[in-house]
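Visitor: The numbering of the sequence shown is the numbering used here, which starts it at 1 and goes up by one.
Every residue gets a Cβ at the ideal spot worked out from N, C-alpha and C, and that includes glycine.
Note that the coordinates shown come from a computational prediction; the quantities given were computed from them, not determined experimentally.
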Amino acid sequence: MPVITMDSAALAPGVKKALIGSLTRAAAEATGLPEASFIVLLRELPADAIGIGGVPLSERRG
């Protein structure tokens, strides 16, 4: 079973559901495998554990 993994800052429940569906459909279409073959893992990280341009995301957000 293929595994799709995405690391991100916190996501709203609706966004998670949409990502799981979209990533699964895209991967199934690209590979020709059935959607049921895919596992999607969304790993949420705290904003202070993500850095962009040398600055923690928690500081960039305001």
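To the nearest angstrom, how far is the alpha carbon of Ile136 from that of Ile20?
Guide: Residue coverage of the chain in this structure runs from 1 to 62, which leaves residue 136 outside it and unanswerable.
Visitor: CA-CA distance, Met6 and Arg43?
Guide: On the sequence shown, position 6 is the one that residue 6 refers to. On the sequence shown, position 43 is the one that residue 43 refers to. Straight-line measurement puts the Cα of Arg43 at about 6 Å from the Cα of Met6.
Visitor: Quick check on the burial criterion: 16 or more other C-beta atoms within 10 angstroms. Buried or exposed for Thr31?
Guide: Residue mapping note: residue 31 aligns to position 31 of the sequence shown, counting from 1. With a 10 Å radius around the Cβ and a threshold of 16 neighbouring Cβ atoms, Thr31 comes out exposed.
Visitor: Any idea which residues DSSP pairs Ile52 with across the strands?
Guide: Taking the sequence shown and counting its residues from 1, one reaches residue 52 at position 52. Looking at the DSSP assignment, Ile52 forms a beta bridge with Val55.
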